[in-house]
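The sequence shown maps to residues 1 to 194 in the UniProt record's numbering.
All C-beta atoms in this analysis are idealised placements derived from N, C-alpha and C, irrespective of residue type, glycine included.
Working notes for the structure below.
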Amino acid sequence: MKKILFINNQDSFVYILVDYFAELGCKVTVEENNLPLEHIEKERFSGIVISPGPGHPKHDTGKVIPLIKKYGQKIPILGVCLGFQAIVEAYGGTVSKAKVGPVHGKTSKITHNGQGIYKEIPNPLEATRYHSLEAVEEKLPRTLKITARAEDNTIMGIRHKYYPTEGVQFHPESILTRPTGINIIKNFIKKLNP
């Protein structure tokens, strides 16, 4: 059984995502974002999921950025919304106010590269967005590859070029992203070792 460490950034969508992973056969351990990092090594997790949440990744994610820096090269990580933004910040990128303004509960057509978590996913896919911040493309580090964009050109997905770390700005767990969202999560789980 694949063991998932699920980092809770205090978002109302957290337990929908947790339920998706459990339904797909994973054992999920939910921890707050200020967890002791030593806990991770003791448990030998197959993967880490960093949840959505309010605020800015630099100031409102507890120990998430140090966690990404320490474990991103060893343990596959999936960041969702605020988790995506934390990955960008952890590897030297910048997150700032979205050029298009706040996007809350809006569906967008997302084009992607068909690789990693997007394998066999419709292209474009329709996904729900809830964010007022975005990754700044001009300040994205070379180690992060853009994997998906919204129709307004906002970055919707990134993957680390060398580490098993991916992030999505949109919400795969939203009812308006179904059934595609659960297939994205399945693709992440397929990459994990038990």
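Contact test: residue i Cβ vs the ligand HEM heavy atom, cutoff 7 Å
i: residue 84; result: What this structure holds is no ligand at all, so the ligand HEM is not there to describe.
CB contact flag (residue i, residue j, <8 Å)
i: residue 46; j: residue 98; result: no
i: residue 150; j: residue 96; result: no
i: residue 74; j: residue 43; result: no
i: residue 110; j: residue 13; result: no
i: residue 51; j: residue 19; result: no
i: residue 138; j: residue 78; result: no
i: residue 35; j: residue 61; result: no
Delimiting residues of the beta strand (DSSP E) encompassing residue i
i: residue 79; result: 77-80
i: residue 128; result: 125-131
i: residue 146; result: 144-150
i: residue 97; result: 95-97
i: residue 195; result: Lying outside 1 to 194, the shown extent of the chain, residue 195 is not represented and no answer is given.
i: residue 69; result: Run containing residue 69: none in the beta strand (DSSP E); it sits in the alpha helix (DSSP H), 64-71.
i: residue 158; result: 155-160
i: residue 100; result: No beta strand (DSSP E) contains residue 100, which DSSP labels as neither H nor E.
i: residue 92; result: Unbroken run through residue 92: none, as it is neither H nor E.
Member of the options whose CA lies at the smallest distance from the CA of residue i
i: residue 38; options: 22, 25, 29, 67; result: 67
i: residue 15; options: 172, 162, 190, 189; result: 172
i: residue 247; options: 90, 128, 177, 188; result: As displayed, the chain neither begins before 1 nor continues past 194, which places residue 247 out of reach and without an answer.
i: residue 182; options: 86, 134, 42, 23; result: 23
i: residue 48; options: 59, 76, 62; result: 76
i: residue 5; options: 139, 12, 17, 11; result: 17
i: residue 186; options: 69, 11, 170, 21; result: 21
i: residue 64; options: 9, 30, 121; result: 9
i: residue 128; options: 178, 27, 72; result: 178
i: residue 92; options: 35, 136, 113, 157; result: 136
i: residue 113; options: 85, 100, 147, 126; result: 147
i: residue 192; options: 83, 19, 25; result: 25
i: residue 134; options: 194, 158, 164; result: 158
i: residue 184; options: 155, 126, 87, 163; result: 126
i: residue 117; options: 102, 106, 160; result: 160
Buried or exposed by the 16-neighbour rule on C-beta atoms within 10 Å, applied to residue i
i: residue 104; result: exposed
i: residue 142; result: exposed
i: residue 89; result: buried
i: residue 204; result: Since the first residue shown for the chain is 1 and the last is 194, residue 204 is missing from the structure and cannot be characterised.
i: residue 59; result: exposed
i: residue 1; result: exposed
i: residue 175; result: exposed
i: residue 32; result: exposed
i: residue 122; result: exposed
i: residue 162; result: exposed
i: residue 72; result: buried
i: residue 194; result: exposed
i: residue 53; result: buried
Span of the alpha helix (DSSP H), counted from its first residue to its last, around residue i
i: residue 17; result: 14-23
i: residue 45; result: No alpha helix (DSSP H) contains residue 45, which DSSP labels as neither H nor E.
i: residue 189; result: 180-190
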